[in-house]
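Quick note, the sequences are listed as chains Y and Z, same order. Position 84 of the first sequence, counted from 1, bears residue number 84 in the working numbering, the numbering being contiguous throughout. When you read off a place in the second sequence, starting at 1, and then add 218, the result is the number in the working numbering. No residue lacks a Cβ here, since even glycine has one placed at the ideal position from N, Cα and C. Below is one structure, written out as structure tokens; the observations come after it.
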Amino acid sequence: MGLDFTIVPSYFTLLLIGSGWTIAITAAAAVLSFVAGILLAVIALYGPALLRYPFRLFAWLFMGTPLLLQLFLIYFGLIQIGIDLPAFVAGVIGLGLHFAVYNSDIIQAGIVAVDRGQYEGARTLGLSRVQTIARIVVPQAVRSVIPPIGNNMIALLKDSALVSVIGVTELTLTAQLAISKTFHPFEFYLAAAACYYLINLVLEAGLRHIERRIQLAR
Amino acid sequence: MTEKPFIDIRHAAKSYGTLEVLKDISLQVQKGQIVAIIGPSGSGKSTLLRAINDLDPLTKGEVWLEDMQVNKPLPPRQYERHINQMRQQIGMVFQHFNLFPHLTVRGNITLAPKMLKKLSDAEANALAERELAHVGMLDRIDYYPSQLSGGQKQRVAIARALAMEPKVMLFDEVTSALDPELVEEVNLAMKKLAEEHMTMIIVTHEMGFAQDVCDRVLFMDQGVVVEEGPPEVIFRTPKHERTKNFLRKHLQGNAQ
Ligand SMILES: Nc1ncnc2c1ncn2[C@@H]1O[C@H](COP(=O)(O)OP(=O)(O)OP(=O)(O)O)[C@@H](O)[C@H]1O
Ligand SMILES: [Mg+2]
Chain Y
1 MGLDFTIVPS
11 YFTLLLIGSG
21 WTIAITAAAA
31 VLSFVAGILL
41 AVIALYGPAL
51 LRYPFRLFAW
61 LFMGTPLLLQ
71 LFLIYFGLIQ
81 IGIDLPAFVA
91 GVIGLGLHFA
101 VYNSDIIQAG
111 IVAVDRGQYE
121 GARTLGLSRV
131 QTIARIVVPQ
141 AVRSVIPPIG
151 NNMIALLKDS
161 ALVSVIGVTE
171 LTLTAQLAIS
181 KTFHPFEFYL
191 AAAACYYLIN
201 LVLEAGLRHI
211 ERRIQLAR
Chain Z
219 MTEKPFIDIR
229 HAAKSYGTLE
239 VLKDISLQVQ
249 KGQIVAIIGP
259 SGSGKSTLLR
269 AINDLDPLTK
279 GEVWLEDMQV
289 NKPLPPRQYE
299 RHINQMRQQI
309 GMVFQHFNLF
319 PHLTVRGNIT
329 LAPKMLKKLS
339 DAEANALAER
349 ELAHVGMLDR
359 IDYYPSQLSG
369 GQKQRVAIAR
379 ALAMEPKVML
389 FDEVTSALDP
399 ELVEEVNLAM
409 KKLAEEHMTM
419 IIVTHEMGFA
429 QDVCDRVLFM
439 DQGVVVEEGP
449 PEVIFRTPKH
459 ERTKNFLRKH
469 LQGNAQ
């Protein structure tokens, strides 16, 4: 069968919907990975041992095993213990927690690098330890690690393709659906690649915008 | 001195392992008094100053502010609450400013009053404007610290401390990190405070400033107060050999 790109436009809507879901799952997982990443970092550095050790085990599990397996476990495995999550939610949780662990590592390094004088400056004004960590140390740490976190978010976008295997009709899965009808894999995988590339461009522009905005505030 | 001291440091001692940094120091400061602490590097000046707000806890001894013991022995949780209360009354300015880079000048100044004194945005803003006007920095209220010179940063740091309306201000070599041409603007801000009778303890390497502004000068060496008195006595007719040596070196250094 020869190449025929003219069939791609008739599946434009389908690919658009797929792109929409890819953006939605990436955005939701990114927010989760960011918030959970901060929480994990704070617990790892300041939490009581009672919390630190279970969380370290959790981190080790998410870093040491394949993301695909984690998605299967959350989507198919949890049903057995009575937790039946919609595919989208399972995908967000899997992607979000997986990248939260990586973000946490980066944020921890950022927290450690915050100058000791910042902590003293805040405590001297009368802020408590918790207030100081929440309002002074963590915000500065997060600002200082925006570039590597941004790289993680780009990786997250690409890895979001994995949730196609649990049935989320995101970009990769919609491309596969189009292929199953037309038998033109080359054209549709290429079209999907182009979509990923465009989303990536927007994401990178967004990250650059954030970096510019916080440039003075560091 | 019959008057009850405002700040009362009683038998302060501090060791790091076997290194005795402060050796049984007692110091009383009256309300409105301005005290300079001078002495060679490593003599314990910062450690003593930072003991006053318990940033560097003493190994032994007591620190009192009016009728409250700053380093009151309390269980950890209660102590945390107590010390946060005490620190609100003790302003401190550091050599390296320690401004919060992620907040504007306004944010730096309003943060603690809003969080700790529950001021409204409007009240906190009015306060920030007042304190900034006081140090001549009102026009930079919406700047970030990264956009300020060292002298400007230090004046904002002073305004930030003053916004908590402290009873006493502690200064630890606040002009040492500045380019020479920026020293004067910070000194001026401190002089203004002195004229308003703020109680101040100032660790400094600037003998001229100590002489101009302070009521008392303490010379520290190796963890003890070797000699203290009014500036004209300490600078003109020091009694101890160590003080004389230090001043000789220092006044020479300044003359170069
Ligand atoms: N955390 C610490 N651990 C061990 N020793 C310390 C610590 N902090 C300070 N010291 C020691 O305590 C002594 C007094 O230090 P301090 O900073 O009070 O001196 P200083 O008079 O302020 O000196 P400078 O003029 O250089 O600021 C020094 O010998 C210093 O090395
Ligand atoms: Mg010092």
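Minimum Cβ-Cβ distance from residue i to chain Z less than 7 Å
i: residue 217 of chain Y; result: yes
i: residue 50 of chain Y; result: no
i: residue 128 of chain Y; result: yes
i: residue 124 of chain Y; result: yes
i: residue 167 of chain Y; result: no
i: residue 121 of chain Y; result: yes
i: residue 117 of chain Y; result: yes
Residues bridged to residue i [DSSP beta-bridge criterion]
i: residue 234 of chain Z; result: Z/237
i: residue 282 of chain Z; result: Z/226 and Z/287
i: residue 255 of chain Z; result: Z/421 and Z/436
i: residue 390 of chain Z; result: Z/421
i: residue 446 of chain Z; result: Z/436
i: residue 475 of chain Z; result: Residue 475 of chain Z cannot be examined here, being either before or after the span of chain Z that is shown, 219 to 474.
i: residue 308 of chain Z; result: Z/386
Neighbour flag for residue i against chain Y, beta carbons, 7 Å
i: residue 334 of chain Z; result: yes
i: residue 287 of chain Z; result: no
i: residue 305 of chain Z; result: yes
i: residue 474 of chain Z; result: Reliability of the predicted coordinates at residue 474 of chain Z is poor, the pLDDT of 37 falling under 50, and no value is obtained from them.
i: residue 318 of chain Z; result: yes
i: residue 229 of chain Z; result: no
i: residue 330 of chain Z; result: yes
i: residue 352 of chain Z; result: no
i: residue 343 of chain Z; result: no
i: residue 300 of chain Z; result: no
i: residue 314 of chain Z; result: yes
i: residue 310 of chain Z; result: yes
Exposed unless 16 or more other CB atoms sit within 10 angstroms - verdict on residue i
i: residue 102 of chain Y; result: buried
i: residue 26 of chain Y; result: buried
i: residue 263 of chain Z; result: buried
i: residue 121 of chain Y; result: buried
i: residue 421 of chain Z; result: buried
i: residue 49 of chain Y; result: exposed
i: residue 21 of chain Y; result: buried
i: residue 200 of chain Y; result: exposed
i: residue 384 of chain Z; result: buried
i: residue 60 of chain Y; result: exposed
i: residue 308 of chain Z; result: buried
i: residue 234 of chain Z; result: exposed
i: residue 438 of chain Z; result: buried
i: residue 265 of chain Z; result: buried
i: residue 33 of chain Y; result: buried
i: residue 162 of chain Y; result: buried
i: residue 271 of chain Z; result: buried
i: residue 81 of chain Y; result: exposed
i: residue 107 of chain Y; result: buried
i: residue 453 of chain Z; result: buried
i: residue 169 of chain Y; result: buried
i: residue 338 of chain Z; result: exposed
i: residue 9 of chain Y; result: exposed
Check: residue i C-beta below 6 Å from any heavy atom of ligand 3
i: residue 97 of chain Y; result: With respect to ligand 3, the structure shown offers nothing to examine, as its ligands consist of ligand 1 and ligand 2.
Cβ-based contacts, 7 Å cut-off: residues of the region 356 to 367 of chain Z near chain Y: 362, 364 and 365
May I ask you to list, following chain order, the residues of the region 245 to 275 of chain Z that have a beta carbon less than 8 Å from some beta carbon of chain Y? 271 and 273
For ligand 1, which residues have a Cβ under 5 Å from at least one heavy atom, in chain order? Z/234, Z/239, Z/259, Z/260, Z/261, Z/262, Z/263, Z/264 and Z/265
Which residues, in order along the region 132 to 146 of chain Y, keep a beta-carbon less than 8 Å from a beta-carbon of chain Z? 135, 136, 139, 140 and 143
What residues in the region 380 to 398 of chain Z bring their beta carbon closer than 7 Å to a beta carbon of chain Y? 382
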